[in-house]
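Novice: Just so you know, full-length UniProt numbering puts 174 at position 174 of the sequence shown, and the rest follows in order with no gaps.
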Amino acid sequence: MLGPRPPATRSDEIALAAAQSADGESGDESQGDDSEPRDHLTPQAAGHIWASSMGLSFTVPASVGTLSVTARWGRYTQSEEATDQGTTRKVWSREPVEHPVDIDVTSTALASLSTPGHPHRGTGREALVDLLFFPTGGGKTEAYLGLAAYTFALRRLQGTIGSGTQARSGEAGVGVLMRYTLRLLTAQQFQRAAALVTACEVLRREEFAQDVRWGATPFRIGLWVGTSVSPNWFDEAKEQIAGARESASDKHARVLQVLTCPWCGSGLTARSHMEYDEARRRVLLYCPRGEGTDRCPFSRRESPGEGIPVLTVDEEIYRLAPSLLIATVDKFAQLPWNGYAGLLFGRVTEICPRHGYRHDDLDAKTGCGSRHHAKGTCPASPRSPSPASGRRT
Ligand SMILES: [Zn+2]
Ligand SMILES: [Zn+2]
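1) With DSSP run on the structure shown, which of helix, strand or coil describes Ile308?
2) May I ask whether a heavy atom of ligand 2 can be found less than 7 Å away from the beta carbon of Cys378?
3) What is the DSSP secondary structure of Thr377, reduced to helix, strand or coil?
4) Which class does Trp214 belong to by DSSP, given the choice of helix, strand or coil?
5) Quick check: Leu223 and Thr312, are their CB atoms within less than 8 Å of each other?
6) Is it the case that the Cβ atoms of Tyr150 and Ile326 are separated by a distance below 8 Å?
7) Between Thr217 and Val69, what straight-line distance do the alpha-carbon atoms span, to the nearest angstrom?
8) Determine the extent of the beta strand (DSSP E) in which Val283 is found, giving its start and end residues.
9) Suppose the cutoff is 8 Å on Cβ atoms and the five residues either side in sequence are ignored; what does the same chain contact list for Val91 look like?
10) Just to confirm before moving on: does the CB-CB distance between Trp263 and Pro297 stay below 8 Å?
11) Tell me the DSSP secondary structure of Ser266 in three-state form.
12) Do Gly175 and Arg168 have their C-beta atoms within less than 8 Å of each other?
13) Please report how far the alpha carbon of Gly243 lies from the alpha carbon of Leu145, in whole angstroms.
14) Is the region 231-250 in contact with the region 203-220, if contact means three or more CB pairs nearer than 8 Å?
15) Terminal residues of the continuous beta strand (DSSP E) containing Asn147?
16) With DSSP as the reference, label Glu206 as helix, strand or coil.
17) Relative to the C-alpha of Ala98, which candidate in Gly117, Trp73, Gly122 and Gln257 has its C-alpha closest?
18) May I ask you to report which of helix, strand or coil DSSP gives Leu128?
19) Our contact map puts Ala253 next to Ala270 with C-beta atoms below 8 Å; I'd like the distance itself, whole angstroms only.
20) Taking the Cβ atom as the reference point for each residue, do Glu316 and Arg354 lie within a distance shorter than 8 Å?
21) From the DSSP secondary-structure annotation, give me the bridge partner or partners of Asp277.
22) Quick check on Gln188: buried or exposed, where buried means 16 or more other Cβ atoms within 10 Å of its Cβ?
23) So, helix, strand or coil for Gly122, using DSSP?
24) Whether or not the region 325-343 and the region 353-371 are in contact is what I'm after, with contact meaning three or more pairs of Cβ atoms, one per stretch, closer than 8 Å; do they touch?
25) Pick from Ala143, Asp235 and Glu302: whose alpha carbon is nearest that of Glu201?
26) According to DSSP, simplified to helix, strand and coil, what is Thr198?
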């Protein structure tokens, strides 16, 4: 059943195909003469429906809320039948079965994401989680990335929900946590998630100019994976970048995890496009497309001090709590051992304007304190209490 999606034909041909499939439901090939155009103009050939490895993929207009599908299949049973010779033989008989299925296209997951008190978010039976199974190419990634983008925006626009000790702010913090098995996390998947985050960030900047609810904190993506993949601490990352520049080779620069700009596709190297800011303990990756009218919004000129919003150093992930966090199971195993991992779950009390969220154990490593003297381009800064950060995963 595997097959590529055929190119859609013209709209008049599609209409014709739809009309033919409506009145010639049997699709009987025995009709001889007109079999050739029928083959050519089936809904599948018209691009409405295409074969998948299991089930069907199809397109619907954005205005469609619910699809009602009648699934028909056969129930096969084997029985014995008498033959003319007085013996018996085994035969199969087919009993037709049909069942209506309603597919709620839009609100299956959106309702529970949008409403804090929704039963899907409670502890009752309605909150049971089902495993989503779809074949390769079935749209799983698109589905969850779409929901992730919705979550990013919703958290900002909802602001603080709840009150007192239950108050949770959506203006910053991790909104979506994706747990991957390291072997299954491919560079392509990370690149796709990064592309989504850069698109959301471009929109946030535009919206923020009119509506402060969108917040000044960029949407960022963090890769929280094993040490063999990306560095744990700023100092390691700094050494890798310095080493890459010195040797003019990215061979040991694990700190670079995206090889092309997730927004514009420009090639990236650690030796040419990464730098570090000692005062803020930030690793920065700038897109090289910084000139002309089509310059990248993540070039040094358009995004000074931030660049491409991809965090690959664990320390920066704790301090900045990116909107989308891609983590592997070995990091989850560390959760009870590293108090500062609680920052990723909204357990924050204080924010340093230079270094981000604070935690005693983290401060001991990074040298963050209650106040900072001016350093580099950073002015002297006092500490400030953090807003109640939201956990919503
Ligand atoms: Zn770019
Ligand atoms: Zn600090």
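Backbone N, C-alpha and C fix where the C-beta goes; we use that ideal spot for every residue, glycine too.
Specialist: This is what the structure gives:
1) As a working note, residue 308 is residue 308 in the sequence shown. Of the three classes helix, strand and coil, the one that applies to Ile308 here is coil, per DSSP.
2) To locate residue 378, count along the sequence shown from 1; it is residue 378. No - ligand 2 has no heavy atom lying nearer than 7 Å to the Cβ of Cys378.
3) If you number the sequence shown from 1, residue 377 lands on position 377. Coil, per DSSP.
4) As a position in the sequence shown, residue 214 is number 214, starting the count at 1. In the structure shown, Trp214 sits in a helix (DSSP, three-state: H, G or I).
5) If you number the sequence shown from 1, residue 223 lands on position 223. If you number the sequence shown from 1, residue 312 lands on position 312. For Leu223 and Thr312, yes; Cβs fall inside 8 Å.
6) Numbered from 1 along the sequence shown, position 150 holds the residue referred to as residue 150. Numbered from 1 along the sequence shown, position 326 holds the residue referred to as residue 326. With a cutoff of 8 Å on beta-carbon distance, Tyr150 and Ile326 are scored as not near each other.
7) As a working mapping, residue 217 is identified with position 217 in the sequence shown. As a working mapping, residue 69 is identified with position 69 in the sequence shown. About 44 Å.
8) By one-based count along the sequence shown, residue 283 stands at place 283. From DSSP, the beta strand (DSSP E) with Val283 extends over Arg282 to Leu285.
9) Within the sequence shown, numbered from 1, the residue matching residue 91 stands at position 91. These residues qualify, in order along the chain: Gln78, Ser79, Glu80 and Glu81.
10) The sequence position of residue 263 within the sequence shown is 263, counting from 1. The sequence position of residue 297 within the sequence shown is 297, counting from 1. Yes.
11) Working through the sequence shown from its first residue, we reach residue 266 at position 266. Looking at Ser266 - three-state DSSP - the assignment turns out to be coil, as it is neither helix nor strand.
12) Working through the sequence shown from its first residue, we reach residue 175 at position 175. Working through the sequence shown from its first residue, we reach residue 168 at position 168. Against a cut-off of 8 Å, the Cβ pair of Arg168 and Gly175 comes out as no contact.
13) For this step, residue 243 is matched to residue 243 along the sequence shown. For this step, residue 145 is matched to residue 145 along the sequence shown. Their Cα atoms are separated by approximately 35 Å.
14) no
15) The residue labelled residue 147 in the question sits at position 147 within the sequence shown. Checking the displayed sequence, the identity of residue 147 turns out to be Leu instead of Asn. No beta strand (DSSP E) holds Leu147; the alpha helix (DSSP H) holding it covers Lys140 to Gln158.
16) Position 206 of the sequence shown, counted from the start, is the residue given in the question as residue 206. Helix, per DSSP.
17) Counting from 1 along the sequence shown, the entry for residue 98 is found at position 98. The residue asked about is misnamed: residue 98 is Glu in this sequence, not Ala. Measuring from the Cα of Glu98, the nearest candidate turns out to be Trp73.
18) To locate residue 128, count along the sequence shown from 1; it is residue 128. Of the three classes helix, strand and coil, the one that applies to Leu128 here is coil, per DSSP.
19) Residue 253 sits at position 253 when you count from the first residue of the sequence shown. Residue 270 sits at position 270 when you count from the first residue of the sequence shown. Sure, about 3 Å apart at Cβ, within 8 Å.
20) Your numbering for residue 316 matches position 316 in the sequence shown. Your numbering for residue 354 matches position 354 in the sequence shown. Result no, Cβ atoms of Glu316 and Arg354 do not sit closer than 8 Å.
21) Here residue 277 refers to the residue found at position 277 of the sequence shown. Looking at the DSSP output, Asp277 bridges to Arg282.
22) Stepping through the sequence shown from its first residue, residue 188 is reached at position 188. When all chains shown are included, Gln188 counts as exposed.
23) Residue numbering aside, residue 122 sits at position 122 when the sequence shown is read from its first letter. Note: Gly122 maps to coil in three-state DSSP.
24) yes
25) On the sequence shown, residue 201 is found 201 positions in, with the first residue counted as 1. Taking only the C-alpha atoms, the option nearest Glu201 is Glu302.
26) Along the sequence shown, one-based indexing puts residue 198 at 198. Note: Thr198 maps to helix in three-state DSSP.
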